[in-house]
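J.:
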Amino acid sequence: IVVFKQDITGVSNKCEPNKPLSVSVSWDHSNGGGGGDQNRYKVMGFVGIQTGFASVGRRRSLRKTWFPSDHQGLQRYMRLGCQDDPGELEESTGLAFRFVIGKTHDKSKMAALKKEVEEYDDFLLLDIEEEYSKLPYKTLAFFKAAYALFDSDFYERAARTLQTLNFRMFRNEDVTIGAWMLAMNVKHEINRQLCQPECTPTSIAVWDIPKCSGLCNPEKKLLELHQMKRCANSPT
């Protein structure tokens with residue numbers, strides 16, 4: 604499998620001309636599955652935020668809170684002569700963050716996405732139809748793309764294990780990933796202190812279960828939570 608990266612943003616990064624920000628990923632099987640000369644970028648971990656064409660508002664709320672709203676805020680490396688902020692997200696955490704989205708035949712939606720990519724430059728675009736019924740396939744495509752683009756210990760270990768599995772796809776991506784994890788003989792631990800209806804010293808996620816399968820009205824709730832001291836200053 605070969606990954607092709609193309610500049611779809613028009614953003615010129617003089618400090619890092621080879622650093623991928625938004626990239627479009629497609630797969631070419633014509634060479635018999637060879638890995639090619641793909642250059643992988645070293646990070647501690649890669650975080651892909653699964654998103655869709657109807658989630659413009661959620662992305663906007665994230666960019667107003669913890670997710671950098673400009674592409675320079677996502678850069679990890681520092682070079683001589685570049686005035687980078689040492690507090691930039693990837694530089695300070697060692698983590699790479701991108702919104703992960705597929706494609707659609709709707710030309711108006713693709714045109715709107717292109718404008719958003721050009722403005723924010725924070726996407727990983729996959730060559731797969733963006734449909735709810737195809738979320739398990741999108742998830743698998745994301746893992747493959749993340750491994751091909753970024754040199755991360757976590758993804759390297761996961762990818763080597765995944766290559767040995769005979770993948771089975773279920774209707775929902777959470778069930779699908781759960782089945783894959785069982786095949787990897789991982790330890791399953793239930794700790795409800797990690798997910799709470801409000802920010803606590805132990806929670807890493809906030810949700811409105813059982814009213815909603817996550818946050819109710821997330822576009823508004825994300826902004827409200829970010830303004831709370833116990834959330835913004837939480838050690839987790």
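Numbering of the sequence shown is given in the numbering used here, commencing with residue 604 and proceeding in unit increments. Note that beta-carbon positions come from the ideal geometry of N, C-alpha and C, so glycine has one too. None of these values were measured; they are calculated from a predicted model.
Within 8 Å of any Cβ in chain D, is that where the Cβ of ILE652 sits?
T.: Among the chains in the structure shown there is no chain D, since it carries only a single protein chain.
J.: Note down the Cα distance separating ASN775 from LYS832, rounded to an integer number of angstroms.
T.: Computed Cα separation, rounded: 35 Å.
J.: Rounded to whole angstroms, what's the CA-CA distance from PHE656 to ILE704? Just pull it up for me.
T.: Whole-angstrom Cα-Cα distance: 8 Å.
J.: Compare the Cα-Cα distances from ALA744 to each of ILE731, ALA808 and LYS814 and report the closest residue.
T.: Minimum Cα distance to ALA744 is reached at ILE731.
J.: Can you tell me where the alpha helix (DSSP H) holding ASN655 begins and where it ends?
T.: The residue asked about is misnamed: residue 655 is Gly in this sequence, not Asn. Premise fails: GLY655 is in no alpha helix (DSSP H) and is neither H nor E.
J.: May I ask you to report which of helix, strand or coil DSSP gives SER755?
T.: Looking at SER755 - three-state DSSP - the assignment turns out to be coil, as it is neither helix nor strand.
J.: Bridge partners for ARG699 per DSSP, in chain order?
T.: For the record, residue 699 in the displayed sequence is Ala; it is not Arg. In the DSSP output, where bridge partners are listed per residue, ALA699 has PHE649.
J.: Helix, strand or coil for GLU733? Go by DSSP, reduced to three states.
T.: Reduced to three states, the DSSP call for GLU733 is coil.
J.: Return the Cβ separation of LEU729 and LYS741 in integer angstroms, given the expectation that the two are a contact with Cβ distance under 8 Å.
T.: Right, the Cβ-Cβ distance comes to about 6 Å (below 8 Å), so this counts as a contact.
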